[in-house]
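**Q** Following this message is one structure expressed as structure tokens.
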Amino acid sequence: MFPSEFTIRGRTIRPATILAPMAGVTDTVFRRVIRGLGGCGLIMTEFTSAEGLTRNSARTLHYLYFDDDEHPIAAQIFGSDPKVMASAAALTEDLGFDHIDINLGCPVKKVVKCGGSGLLRDLPHLEILFRAVRAAVHIPLTVKIRSGWDEKNIVAVEVARMAEQVGVEAIAIHPRTRMQGYSGAANWNVIRDVKQAVRIPVIGNGDVRTPRDAVRMISETGCDAVMIGRSASSNPWIFRQIAQYVATGRYDEPTELGRYHLLSGYFRSLIAAEMPDAVGKMKQFASLFTHGVRNGSELRHSVHHAQSAPEILDRVDAFFANLTTSSAD
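According to the working numbering, the stretch in the sequence shown is residues 4 to 332, in order.
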């Protein structure tokens with residue numbers, strides 16, 4: 004049975020689903036889209052550089068902007084220097100976040116050099132970092148990890164036990180190694196092994212593409228909650244669909260009108276929020292989102308070749324108007 008909720012240090016997260024942090028995706032506008040559709044218990048920021056935060060970088064602080072209606076919300080930070088990470092964590096607590104999460108999962112080279120999954124190669128240093136951050140903040144501390152650096156170094160259980168001992172209050176597992184990146188299959192057995200090894204909440208992540216996958220992950224691993232990343236960027240309805248599937252055994256697919264309203268509304272919100280990279284975000288989202296749209300390749304091509312945000316909006320409006328006309332015919 005899919006859990007209706009889970010708890011991180013007395014705070015009930017309901018339902019037991021989480022939007023994963025994704026660079027360039029989970030900004031405040033996208034998070035509010037997810038909140039508005041319903042069914043997501045906890046949302047998370049883009050992963051954010053601790054070094055940038057401690058230098059008071061305006062660009063970095065921009066990643067941590069959120070509105071009051073986004074609670075409960077966690078800030079995810081990355082870095083390798085325990086003192087810098089502790090300072091950055093304290094800053095995020097002052098900003099009003101509900102939880103702080105440490106990124107130990109990102110496989111990108113420039114992140115691995117200064118944190119992310121690269122820290123899974125040095126567990127003694129990682130313990131020092133955990134203790135420094137734990138001592139710096141009063142709000143709940145969680146971590147998100149990969150299963151290990153490579154297949155010969157699967158350390159998820161060891162990291163989870165260490166995290167629990169130093170006061171980390173939940174752990175999310177993406178059971179691919181850093182060397183896998185996003186290739187191959189996520190080994191959900193690693194999630195099961197971690198769940199059996201610790202008492203803190205264990206959150207499963209990886210290869211949840213449909214509501215059935217979410218239910219199967221809970222059944223096969225015993226994890227306490229499910230975290231969804233890439234599938235949410237292409238299907239923002241997935242959290243609502245999971246809730247519907249758990250309640251009724253079925254779920255609705257979005258209509259073309261629903262897809263149009265979400266895409267257009269999201270793009271207009273990006274413009275209203277004066278996102279400096281709005282055009283890039285619009286093109287990125289269109290490429291992910293339109294694979295479920297009839298004749299979506301035409302829309303992707305049209306959006307990709309647009310030069311401005313208003314032009315993109317015009318092309319989206321025209322595309323869906325044509326779909327409606329062709330359906331009426």
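We put the beta carbon where it would ideally sit given N, CA and C, even for glycine.
None of the values given here were measured: they were computed from a predicted structure.
1. According to the neighbour-count rule (16 or more other Cβ atoms, all chains shown, within 10 Å of its Cβ), is Ser-222 buried or exposed?
2. Excluding five sequence neighbours on each side, which residues of the same chain lie with their C-beta closer than 7 angstroms to the C-beta of Asp-227?
3. Ordered along the chain, which non-local residues of its own chain (more than five positions away) have a Cβ less than 8 angstroms from that of Ile-11?
4. If you draw a straight line from the alpha carbon of Ala-139 to that of Gln-310, how long is it in whole angstroms?
5. Looking only at C-alpha atoms, which of His-177, Ile-194, Asp-125 sits nearest to Gly-225?
6. Please go through the same chain and pick out, in chain order, the residues whose beta-carbon is closer than 7 angstroms to the beta-carbon of Gly-209, but skip the five residues on each side of it.
7. For the segment 42-58 and the segment 83-103, state whether three or more C-beta atom pairs, one from each stretch, are separated by less than 8 angstroms.
8. Just mark Met-4 as buried or exposed, buried being the case when its beta carbon has 16 or more other beta carbons within 10 Å.
9. Pull up the DSSP beta-bridge partners for Asn-190, would you.
10. Leaving out the 5 sequence neighbours to the left and right, which residues in its chain are closer than 8 angstroms to Gly-82 when beta-carbon positions are compared?
11. Considering only DSSP beta bridges, list what Gln-79 is partnered with.
12. Should Gln-168 be labelled buried (16 or more other beta-carbon atoms within 10 Å of its own) or exposed?
13. What does the Cβ neighbour count give for Val-111, buried or exposed, with the cut at 16 atoms within 10 Å?
14. Can you grab the Cα-Cα spacing for the pair Asp-332 / Tyr-269, in whole Å?
15. What residue from Arg-219, Met-165, Arg-181 has the CA that sits closest to Trp-191's CA?
16. Name the one or two DSSP bridge partners that Leu-45 has.
17. Return the Cβ separation of Val-211 and Ser-186 in integer angstroms, given the expectation that the two are a contact with Cβ distance under 8 angstroms.
18. Kindly give me the distance between the Cβ atoms of Ile-231 and Leu-22, rounded to whole angstroms, as I take these residues to be in contact under 8 angstroms.
19. Return yes when the Cβ of Ser-237 is within less than 9 angstroms of the Cβ of Leu-291, no when it is not.
20. Quick one: Cα of Asn-319 to Cα of Ile-105, how far?
21. Taking the alpha carbon of Tyr-254 as the point to measure from, which residue in Arg-303, Ala-163, Arg-215 has its own alpha carbon closest?
22. Whose C-beta lies closer than 6 angstroms to the C-beta of Lys-155 among residues of the same chain, with five residues either side of it excluded?
23. On a CA-only basis, which of Pro-279, Leu-107, Leu-266, Leu-67 is nearest Leu-40? Give me that one, please.
24. So, at 8 angstroms on beta carbons, what are the nonlocal neighbours of His-141 in its own chain, with the 5 sequence-adjacent residues on each side left out?
25. For Leu-129, which residues from the same chain have a beta carbon less than 6 angstroms from its beta carbon, with the 5 sequence-adjacent residues on both sides left out?
26. Just to check my reading of the structure: Ala-166 and Ala-200 have Cβ atoms closer than 8 angstroms, yes? What is that Cβ distance to the nearest angstrom?
27. Helix, strand or coil for Gly-121, going by three-state DSSP, please let me know.
28. Would you call the CB atoms of Val-32 and Ala-217 closer than 9 angstroms?
29. I need the DSSP call for Met-182, collapsed to helix, strand or coil.
30. Excluding sequence positions up to five away, which residues of its chain have a Cβ less than 6 angstroms from the Cβ of Arg-181?
**A** In brief:
1. So Ser-222 counts as exposed.
2. Pro-6, Phe-9, Ala-19, Pro-204, Val-205, Ile-206
3. His-102, Pro-143, Thr-145, Glu-172, Ala-173, Pro-204
4. Cα to Cα, Ala-139 sits roughly 46 angstroms from Gln-310.
5. Ile-194
6. His-177, Pro-178, Arg-179, Ala-189
7. When C-beta atoms of the segment 42-58 are compared with those of the segment 83-103, three or more pairs fall below 8 angstroms, so the two segments count as touching.
8. exposed
9. Answer by DSSP bridge pairing: none, since Asn-190 is not bridged.
10. Ser-52, Ala-53, Glu-54, Met-88, Ala-91, Cys-117, Gly-118
11. Asp-104
12. exposed
13. Counting Cβ neighbours within 10 Å, Val-111 comes out exposed, since fewer than 16 surround it.
14. With a pLDDT of only 48 at Asp-332, under the threshold of 50, the placement of this residue in the model should not be trusted, and no figure is reported.
15. Arg-219
16. Ile-21
17. Val-211 to Ser-186, Cβ: 17 angstroms. No contact.
18. 7 angstroms
19. yes
20. Contrary to the premise, residue 319 reads as Val rather than Asn in this sequence. Roughly 38 angstroms between the two C-alpha positions.
21. Arg-215
22. none
23. Leu-266
24. Glu-96
25. Leu-122
26. With a Cβ gap of about 11 angstroms, Ala-166 and Ala-200 do not count as contacting.
27. helix
28. no
29. Note: Met-182 maps to coil in three-state DSSP.
30. Here Arg-181 has Pro-110, Ser-120, Arg-149, Trp-152 as same chain residues with Cβ atoms under 6 angstroms from its own Cβ, once five neighbours each way along the sequence are excluded.
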